[in-house]
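Peer 1: Encoded as structure tokens, here's the structure I'll be asking about.
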Amino acid sequence: MDVMTDLHAESLPCGADVAALVEQVGDGRAGERSAHQATCPYCQTALDEFGRLWAPVDRLARAPVRVPAGLAVAVLGRVRELVGGGGQVLLGGGRGVTRVSTWALGRMAALAAAGVPGVRAVLGRVVNARGEPRSGRPPVAVELEVVTEYGDSAVEVGEAVRRRVRAELATLAGVDAETVDVTVEDVAGPEWVTGPRVPMVRDDRGSAGSN
């Protein structure tokens, strides 16, 4: 008996869920028929058709993947570059040197930004900047994610954050914040619980900690 089945419908005429049948085929269980499927012409037709359509995908998934020559070395090299590029900023000194961790600089930047009117919460990150110093101070790049108060201009708050962070890092750490990128991630509305502003710092591994 020939059975025509609409495979685009949500369910078959017998009531079987089409999505469940597709999942059954994708999991490699097309041949495992339930008691209903063993006698239902609609389910048998759908499973056979889904199996035929899924076969090229299954063959592709089983095919061995050959890693291009040099890819692993390139990836590891990039990881070492990223890990080694951060960590500390070296400052000049008289009879020695002073090193400031990028974590500490990120903390300074977050605390400075948190003091700007209109900033409700802030997450900061500082990394070493490439290139030669232009002001005699080591260059760094600052990335800040902030939550602003509803009603305040995001543009004006961002500019105020940039000015304060640059000034604070120059004064407290002797570094030049060449770039201060500010991203407004959210806006604090009436649903926010009243409390102190929250400065946070994200390290190069992507973790974050509050004050």
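Residues 143 to 353 in our numbering are what the sequence shown spells out, letter by letter.
All C-beta atoms, glycine included, are put in the ideal place defined by N, C-alpha and C.
1. Can you tell me whether A197 is helix, strand or coil according to DSSP?
2. Please say whether G248 and R267 have beta carbons closer to each other than 8 Å?
3. Name the residue from P183, D323 and V284 whose alpha carbon lies nearest to the alpha carbon of V297.
4. In the DSSP assignment, find the unbroken beta strand (DSSP E) run with E320 in it and report its ends.
5. From the DSSP output, which residues share a beta bridge with Q230?
6. What does the Cβ neighbour count give for A263, buried or exposed, with the cut at 16 atoms within 10 Å?
7. Under 8 Å between the Cβ atoms of V288 and A255?
8. Would you call the segment 188 to 201 and the segment 156 to 172 touching, i.e. three or more CB-CB distances under 8 Å?
9. Please look up how many angstroms separate the CB atoms of L189 and L163, rounded, as I've assumed it's under 8 Å.
10. If E252 and L232 are in contact, beta carbons under 8 Å, what's the gap, nearest whole angstrom?
11. Consult DSSP for E287 and reduce its assignment to one of helix, strand or coil.
12. Suppose you measure from the CA of Y108 to the CA of M250; what does that come to, to the nearest Å?
13. What does the Cβ neighbour count give for V225, buried or exposed, with the cut at 16 atoms within 10 Å?
14. Please report the distance separating the alpha-carbon of A216 from that of F192.
15. By a C-beta neighbour count over all protein chains shown, 10 Å radius and 16 as the cutoff for buried, is L311 buried or exposed?
16. Assign P281 to one of three DSSP states: helix, strand, or coil.
17. In angstroms, rounded to a whole number, what distance separates the CA positions of D159 and Q179?
18. So, for A151: in the same chain, excluding its five sequence neighbours on each side, which residues have a beta-carbon less than 7 Å away from its beta-carbon?
19. DSSP has P153 in a bridge; who is on the other side?
20. Do you know how far the Cα of G260 is from the Cα of A329?
21. How would you call G157, buried or exposed, if buried means at least 16 neighbouring beta carbons within 10 angstroms?
22. So, with DSSP's three-state summary, where would you put V258?
Peer 2: In short:
1. If you number the sequence shown from 1, residue 197 lands on position 55. In this structure, A197 counts as helix in the three-state DSSP scheme.
2. Taking the sequence shown and counting its residues from 1, the one referred to as residue 267 is at position 125. Taking the sequence shown and counting its residues from 1, the one referred to as residue 248 is at position 106. Yes, they are a contact pair.
3. On the sequence shown, position 155 is the one that residue 297 refers to. For the residues P183, D323 and V284, the minimum Cα distance to V297 belongs to D323.
4. The count along the sequence shown starts at 1 and reaches residue 320 at position 178. In the DSSP annotation of this structure, the continuous segment of the beta strand (DSSP E) that includes E320 starts and ends at D318 to A330.
5. Taking the first residue of the sequence shown as position 1, residue 230 is located at position 88. Note: Q230 sits in a beta bridge opposite S243.
6. Working through the sequence shown from its first residue, we reach residue 263 at position 121. Buried is the call here.
7. In the sequence shown, the residue the question calls residue 288 occupies position 146. In the sequence shown, the residue the question calls residue 255 occupies position 113. With contacts defined as CB atoms closer than 8 Å, V288 and A255 qualify as a contacting pair.
8. Under the 8 Å Cβ criterion, the segment 188 to 201 counts as touching the segment 156 to 172, having at least three qualifying pairs.
9. In the sequence shown, counting from the first residue as 1, residue 189 sits at position 47. In the sequence shown, counting from the first residue as 1, residue 163 sits at position 21. Indeed, because the Cβ distance is near 6 Å, the residues count as touching under 8 Å.
10. One-based indexing of the sequence shown puts residue 252 at position 110. One-based indexing of the sequence shown puts residue 232 at position 90. According to the sequence shown, residue 252 is Ala rather than Glu. L232 and A252 do not touch by the CB rule: their CB atoms are close to 22 Å apart, not below 8 Å.
11. Position 145 of the sequence shown, counted from the start, is the residue given in the question as residue 287. The DSSP-derived three-state label of E287 is strand.
12. The structure shown does not extend to residue 108, since the chain is modelled only from 143 through 353, so no value can be given for it.
13. Here residue 225 refers to the residue found at position 83 of the sequence shown. Caution applies to V225, whose pLDDT of 49 falls short of 50 and renders its modelled position unreliable; the value that the coordinates give is listed next. Taking all protein chains shown into account, V225 has fewer than 16 neighbouring C-beta atoms within 10 Å of its C-beta and is therefore exposed.
14. Reading the sequence shown from its first residue, position 74 is the one you call residue 216. Reading the sequence shown from its first residue, position 50 is the one you call residue 192. Rounded to the nearest whole angstrom, the CA to CA distance from A216 to F192 is 41 Å.
15. Numbered from its first residue, the sequence shown carries residue 311 at position 169. Answer is buried; the Cβ neighbour count reaches 16.
16. Taking the first residue of the sequence shown as position 1, residue 281 is located at position 139. Three-state result, P281: strand.
17. Locating residue 159 in the sequence shown gives position 17, counting from the first residue. Locating residue 179 in the sequence shown gives position 37, counting from the first residue. One C-alpha to the other measures close to 12 Å.
18. Numbered from its first residue, the sequence shown carries residue 151 at position 9. The answer, listed in chain order, is V160.
19. Along the sequence shown, read from residue 1 onward, the residue named residue 153 stands at position 11. Here residue 153 turns out to be Ser, not Pro, going by the sequence shown. Bridge partners of S153: D159.
20. Along the sequence shown, one-based indexing puts residue 329 at 187. Along the sequence shown, one-based indexing puts residue 260 at 118. Position check: residue 329 holds Val in this sequence, whereas Ala was assumed. Their backbone Cα atoms lie some 10 Å apart in a straight line.
21. One-based indexing of the sequence shown puts residue 157 at position 15. Label assigned to G157: exposed.
22. Taking the first residue of the sequence shown as position 1, residue 258 is located at position 116. V258: coil per DSSP, three-state reduction.
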